[in-house]
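The structure under discussion appears below in the form of structure tokens.
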Amino acid sequence: MSTSTLAGSRADADRRPRRPPPSKGVIAALVVAAAFTVWAGREIGFTLRDLAENFANGWVVIQQFLSPNWSFIFRVWDAWVETIAIAVISTCVGVIVGLVFAFMASRVTNRSGPGYRVMKLVLSVIRSLPDIAYVLIFVALVGIGSLAGILALIMFNIGIAAKLTAETIDAVDQGPLEAADAAGSGTFSRGRWAVLPQIMPNYLSYCLYIFELNIRASVIIGIAGGGGIGQVIDVQFSRFAYENVAAITVAIFVIVLVIDQLSQYLRRRFV
Amino acid sequence: MNARDETPANATASAGRASAVRPQEPSKARSTLVWIALLLVFAGAAFLSDARWSQIIGIFTDGGKYLVLMAEGLFQNPLQEPQSEQWTLAFERMMESVYMAWVGTLLGALISVPFGFLAARNVSGPVTVQVTRAFLNLIRAVPELVFAIVIMLPIFGFGPLAGALALGVGAVGTLGKLTAEALEGIDAGPVEAGQASGASRWSILRWAYWTQVLPEVLAFWLYRFEINIRASAVLGVIGAGGIGSLLSQLFGQREWEQIGITLAVVIIVTIGVDAISGAIRHRIIAGSGRSVSTEEKAEATV
Chain D
-7 MSTSTLAGSR ADADRRPRRP PPSKGVIAAL VVAAAFTVWA GREIGFTLRD
43 LAENFANGWV VIQQFLSPNW SFIFRVWDAW VETIAIAVIS TCVGVIVGLV
93 FAFMASRVTN RSGPGYRVMK LVLSVIRSLP DIAYVLIFVA LVGIGSLAGI
143 LALIMFNIGI AAKLTAETID AVDQGPLEAA DAAGSGTFSR GRWAVLPQIM
193 PNYLSYCLYI FELNIRASVI IGIAGGGGIG QVIDVQFSRF AYENVAAITV
243 AIFVIVLVID QLSQYLRRRF V
Chain Y
5 MNARDETPAN ATASAGRASA VRPQEPSKAR STLVWIALLL VFAGAAFLSD
55 ARWSQIIGIF TDGGKYLVLM AEGLFQNPLQ EPQSEQWTLA FERMMESVYM
105 AWVGTLLGAL ISVPFGFLAA RNVSGPVTVQ VTRAFLNLIR AVPELVFAIV
155 IMLPIFGFGP LAGALALGVG AVGTLGKLTA EALEGIDAGP VEAGQASGAS
205 RWSILRWAYW TQVLPEVLAF WLYRFEINIR ASAVLGVIGA GGIGSLLSQL
255 FGQREWEQIG ITLAVVIIVT IGVDAISGAI RHRIIAGSGR SVSTEEKAEA
305 TV
């Protein structure tokens, strides 16, 4: 071997470090993901051909949708009031029950091992059912109307509020807890005075977030018979009155935007 | 002996000291007012909601009956007819929902990447950012349901494909916004290093920006997939197939035994997919360097 090639190869090696070999785990994960995507696409009959062929059908609807009938927003005034009222009630009840559940579902506040695990399981079961399933269940139990919507949203809110709050409780500062333990406080006063003040700002911002979610969800619960503005949308859709639906969609957009701004302002004050 | 105790007003002084030991409680007037206001709002809402509260009794009268029926369906031998068919049907429809959510999320995620770059202040110009953000907010505000009924069903007809596309369009708004926020939070060091070494604009975006946000963005995608499995159920009710169609059909016929089986399948599959997706998310965020803590593992499996 001559010296020049040796020097050349060393210079090469110095200039550019060798590229690390791709990780086997990542390649395996990508292959699995790609295979799953192909399989899923075949199962649901994925094709974009319809987009080219039937776009005209859709365009007629979109055109109707682009000329909203603004006066319709105010004609269904009571449905709006109902929607907001549903959101207020279910948020209030849901976040209070959720708070209690959160205390039971955190290692910090629930020192009984089995109790903690059972509560975690209950919460993941509650969260695993989609909101529409709750609406269907409660419509079957209490009939069509806003009561079914309220009950369904309460279940939905309990799941979210408990999960978010329990995660916040897990991360509290240990200092006050140790102080409470040292002073010999019981489980309740420990939670009330050592944990609750710490999680309060986050908890309040979750409450506002859940209220916002409930306004958005009002469309969904109405479709399945849970009252509110969603029921109006359902009726207008079955009449193909897309210009009315468009007006309501824009109004929901504005309401969500206003609530979003309001809750951002309140959150800045809490946190 | 304290100097103050020698003063004539001995009693008041010690009382004053007692109050120094225990500070006066802050006024509760404000929190009381807030509570009263909340209570009034709640009462007003209960009145305005137009709910027939007396029907809440139905939960206790019919609830028990239906629960027994559902349990009867659940605890019969699942390998026997007709239960085996019902279990298979529920599982097939649930998987259809999962496929719908997967394809939709992936499609939406891929489309959201360029929008994320366009909406990040440290990548694009101020005008582009504002326009893109307004567009993403608009998509976020429209429920997937509306996309499905207005745009997708007339073009693609009833079925899971329309549902998947509606979920995809809906995902573009949230994922685009989250990607933009992740891009704005990156470390500027690698970007400067790229510029100093004369890298092209494309290489900087690819190797300085995208590499830094990739784990976070992938975790968002998976999280959105979990959400979309639930959202796909809603689309099923209006005819996009999947578990939602089956549920609304069964509830219409009041087939409580089969409803019990179907709800059990929904719970099992959702918790299973959440666990897998959650474990992958933790792994991606934690990186291979740090092992996932036992607590996180417990959370992923429960």
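Protein sequences, first through last, are from chains D and Y. The first sequence runs -7 to 263 under our numbering. The second sequence runs 5 to 306 under our numbering. Glycine included, every Cβ here is placed at the ideal spot set by N, Cα and C.
What residues from the segment 128 to 153 of chain D come within 9 angstroms of chain Y, judged by C-beta to C-beta, listed N to C?
-> Of all residues in the segment 128 to 153 of chain D, those with a C-beta nearer than 9 angstroms to a C-beta of chain Y are Leu128, Ile129, Phe130, Val131, Ala132, Leu133, Val134, Gly135, Gly137, Ser138, Leu139, Ala140, Gly141, Ile142, Leu143, reading in chain order.
First through last residue of the alpha helix (DSSP H) which encompasses glycine 86 (chain D) = 69 to 96
Can you list the residues of chain D that tryptophan 91 (chain Y) reaches, using a CB-CB cut of under 7 angstroms?
-> Going along chain D, no residue has its Cβ under 7 angstroms from tryptophan 91 (chain Y), so there is no contact; the nearest lies around 17 angstroms.
Under 8 angstroms (Cβ pairs) to chain Y, residues found in the segment 31 to 43 of chain D = Trp31, Ala32, Gly33, Glu35, Ile36, Gly37, Phe38, Thr39, Asp42, Leu43
Within 9 angstroms (strictly less), CB to CB, does alanine 50 (chain Y) reach chain D?
-> yes
C-alpha distance - alanine 33 (chain Y) paired with isoleucine 40 (chain Y), whole-angstrom precision | 11 angstroms
Can you tell me whether DSSP reads lysine 16 (chain D) as helix, strand or coil?
-> helix
Alpha carbon of phenylalanine 130 (chain D) to alpha carbon of isoleucine 63 (chain Y), nearest angstrom = 8 angstroms
Residue span of the alpha helix (DSSP H) that contains alanine 49 (chain Y), given as start and end = 33 to 52
Below 6 angstroms CB to CB, which residues in the same chain sit around asparagine 126 (chain Y) once its five sequence neighbours on both sides are set aside?
-> Glu188
Thinking leucine 133 (chain D) and aspartate 66 (chain Y) are a contact (beta carbons under 8 angstroms), I'd like their distance in whole angstroms, please.
-> About 5 angstroms; that satisfies the 8 angstroms criterion.
Considering serine 138 (chain D), what are the terminal residues of the alpha helix (DSSP H) in which it resides?
-> Unbroken alpha helix (DSSP H) run through serine 138 (chain D): 138 to 162.
Sequence-distant residues of its chain with Cβ nearer than 7 angstroms to leucine 78 (chain Y) (five each side left out) | Gly264, Ile265, Ala268
Complete runs of the alpha helix (DSSP H) confined to the segment 212 to 239 of chain D [at least 4 residues] | As far as the segment 212 to 239 of chain D is concerned, its whole alpha helix (DSSP H) runs of at least 4 residues are 221 to 230.
Endpoints, the alpha helix (DSSP H) within which threonine 266 (chain Y) is located = 260 to 290
Using a Cβ cut-off of 9 angstroms (strictly closer), state whether serine 252 (chain Y) contacts chain D.
-> yes
Chain Y contact for tyrosine 234 (chain D) (CB, 9 angstroms cutoff) | yes
Residue closest to isoleucine 142 (chain D), alpha-carbon to alpha-carbon, out of D:Thr157, D:Ile124, D:Ala25, D:Ala158 = D:Ile124
Is the CB of alanine 55 (chain Y) under 9 angstroms away from at least one CB in chain A?
-> Among the chains of the structure shown, chain A does not appear; the protein chains present are D and Y.
Could you run through the segment 51 to 82 of chain D and flag, in chain order, every residue whose CB is less than 7 angstroms away from some CB of chain Y?
-> Val53, Ile54, Phe57, Val73, Glu74, Ala77, Ile78, Val80, Ile81
Expected contact under 8 angstroms - CB spacing of proline 60 (chain D) and alanine 239 (chain D) to nearest Å = 4 angstroms
At least one CB of chain D closer than 9 angstroms to the CB of glycine 161 (chain Y): is that the case?
-> With 9 angstroms as the cut-off, glycine 161 (chain Y) counts as an interface residue toward chain D.
The segment 201 to 223 of chain D: positions lying closer than 8 angstroms to chain Y by Cβ = Residues passing the 8 angstroms Cβ filter: Arg208, Val211, Ile212, Ile215, Ala216, Gly219.
Cβ-Cβ distance between glycine 193 (chain Y) and leucine 111 (chain Y) below 9 angstroms | no
Roughly how many angstroms lie between the CA atoms of leucine 139 (chain D) and alanine 32 (chain D), to the nearest whole one?
-> 38 angstroms
What number of angstroms, rounded off, separates the C-alpha of alanine 145 (chain Y) from the C-alpha of proline 13 (chain D)?
-> 44 angstroms
Closest to leucine 188 (chain D) by CA distance: which of D:Gly105, D:Tyr201, D:Ala172 is it?
-> D:Ala172
Flag this pair as yes or no: are the beta carbons of valine 18 (chain D) and phenylalanine 46 (chain Y) separated by less than 9 angstroms?
-> no
Quick one: which residues of the segment 227 to 250 of chain Y get their C-beta closer than 7 angstroms to a C-beta of chain D? List them in chain order.
-> Arg234, Ala237, Val238, Val241, Ile242, Gly248
Burial state of aspartate 226 (chain D), where buried means 16 or more other Cβ atoms lie within 10 Å = Counting Cβ neighbours within 10 Å, aspartate 226 (chain D) comes out buried, since at least 16 surround it.
Identity of the residue in Y:Leu93, Y:Arg26, Y:Pro27, Y:Trp57 nearest serine 249 (chain Y) by Cα | Y:Leu93
8 angstroms Cβ cut-off: residues of chain D touching leucine 267 (chain Y) = Leu121, Ala125
Helix, strand or coil at valine 146 (chain Y) according to DSSP, with G and I counted as helix | coil
Contact list for the segment 94 to 127 of chain Y against chain D, Cβ threshold 7 angstroms | Cβ contacts with chain D: Glu100, Tyr103, Met104, Trp106, Val107, Leu110.
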